[in-house]
Amino acid sequence: SAVISQKPSRDICQRGTSLTIQCQVDSQVTMMFWYRQQPGQSLTLIATANQGSEATYESGFVIDKFPISRPNLTFSTLTVSNMSPEDSSIYLCSVEGTGFNYGYTFGSGTRLTVV
Amino acid sequence: KQEVTQIPAALSVPEGENLVLNCSFTDSAIYNLQWFRQDPGKGLTSLLLIQSSQREQTSGRLNASLDKSSGRSTLYIAASQPGDSATYLCAVRGNTDKLIFGTGTRLQVFP
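Each protein sequence line maps, in turn, to chains A and B. Going left to right, the first sequence walks through residues 106 to 220 as the working numbering numbers them. Going left to right, the second sequence walks through residues 597 to 707 as the working numbering numbers them.
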């Protein structure tokens, strides 16, 4: 299965600023997924990123707040813009494996605290 | 709309016990179901993947079963160890490429 390198692993940011999270995959993948996990909650899909096209956002998430880049088949970034304390969460990227017996692989997560 | 629920929400057991974690989903039209483990503040580690055509998968002390028609999956952990302490998440993939996650079971195994 794919291996994902995600960084930063954690950050503490001031409100009103922005943070860009990076995910690098060791193989080419068509789609990359970005999730948010709020404290004590399960994972919620933010958007799906395809190379060469705009990301598709889930209900409740907008591009101005969470712009995503997907410059090639192995890399993607998620920016959390104009942060507030409510954005404090773990953010994770994910890819789906290829073949019948491969499921989804996740990055190690970015733990964001907004103060 | 697919909804995934996990029971119990939390579980605390002594070392050595055999455990059953439950996952239920409302729409049986799934492509596969995957069990993950998450340590505090960390990412997800895939444990087992069951395709919709399969009934169960095993890996070491873990066994996951799937009853698609009734919308249920169970994760069986044999001879639990303190190192098994983590949150366990199930997730279903429907006909789209999206994973829908359950609410999680927080497991603590004490010596």
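Where is the CB? At the ideal position from N, CA and C, for every residue including glycine.
Worksheet item: Just checking, does the segment 642 to 657 of chain B make contact with the segment 110 to 128 of chain A on the three C-beta pairs under 8 Å criterion?
Response: no
Discussion item. Taking the alpha carbon of B/Ser-661 as the reference point, which residue from B/Leu-643, B/Pro-636, B/Lys-638 has its own alpha carbon closest?
Written reply: B/Leu-643
Worksheet item: Is the segment 186 to 204 of chain A close to the segment 597 to 617 of chain B, with three or more CB pairs under 8 Å?
Response: no
Discussion item. Can you confirm whether B/Lys-664, when its beta carbon is compared against all beta carbons of chain A, has any partner nearer than 8 Å?
Written reply: no
Worksheet item: Based on the DSSP secondary-structure assignment, which residues constitute the bridge partners of A/Asp-116?
Response: A/Leu-217
Worksheet item: Quick one: any contact between the segment 122 to 136 of chain A and the segment 657 to 677 of chain B, if contact means 3 or more CB pairs under 8 Å?
Response: no
Worksheet item: Can you list, in chain order, the residues of the segment 670 to 695 of chain B whose Cβ is nearer than 7 Å to any Cβ on chain A?
Response: Leu-685, Asp-693, Lys-694, Leu-695
Worksheet item: Among all the DSSP beta bridges, which residues are the ones paired with B/Arg-633?
Response: B/Thr-641, B/Tyr-684
Worksheet item: Quick one: which chain D residues come within Cβ less than 7 Å of A/Gly-214?
Response: The displayed structure is made up of protein chains A and B, and chain D is not among them.
Worksheet item: Since B/Thr-699 meets chain A, which of its residues come closer than 7 Å, beta carbon to beta carbon?
Response: Ser-147
Practice prompt. Using only alpha-carbon positions, find the residue among A/Leu-217, A/Ser-147, A/Phe-211, A/Ile-126 that is nearest to A/Ile-109.
Written response: A/Phe-211
Fill in: Nearest to A/Cys-198 (by Cα), restricted to the options A/Thr-153, A/Tyr-207, A/Glu-163
A/Thr-153
Worksheet item: By Cβ distance below 6 Å, which residues in the same chain neighbour A/Ser-132 in space, the five residues on each side in sequence not counted?
Response: Ala-107
Practice prompt. Can you give me the Cβ contacts of A/Pro-172 inside the same chain, cut-off strictly under 6 Å, excluding the 5 residues immediately before and after it?
Written response: Thr-184
Worksheet entry | Inter-residue Cα distance where the pair is B/Ser-567 and A/Val-167 | Outside the modelled stretch of chain B, which goes from 597 to 707, sits residue 567 of chain B, for which no answer is possible.
Worksheet item: Under a CB-based cut-off of 8 Å, is B/Ser-642 close to chain A?
Response: yes
Worksheet item: How many angstroms separate the CA atom of B/Asp-680 from the CA atom of B/Ser-624?
Response: 29 Å
Worksheet item: Would you report the Cα separation of B/Ile-696 and B/Val-688, rounded to the nearest angstrom?
Response: 5 Å
Worksheet item: Between the C-alpha atoms of A/Val-134 and A/Thr-179, what's the straight-line distance to the nearest angstrom?
Response: 6 Å
Practice prompt. Could you spell out the range, first to last residue, of the beta strand (DSSP E) harbouring B/Ala-606?
Written response: 606 to 610
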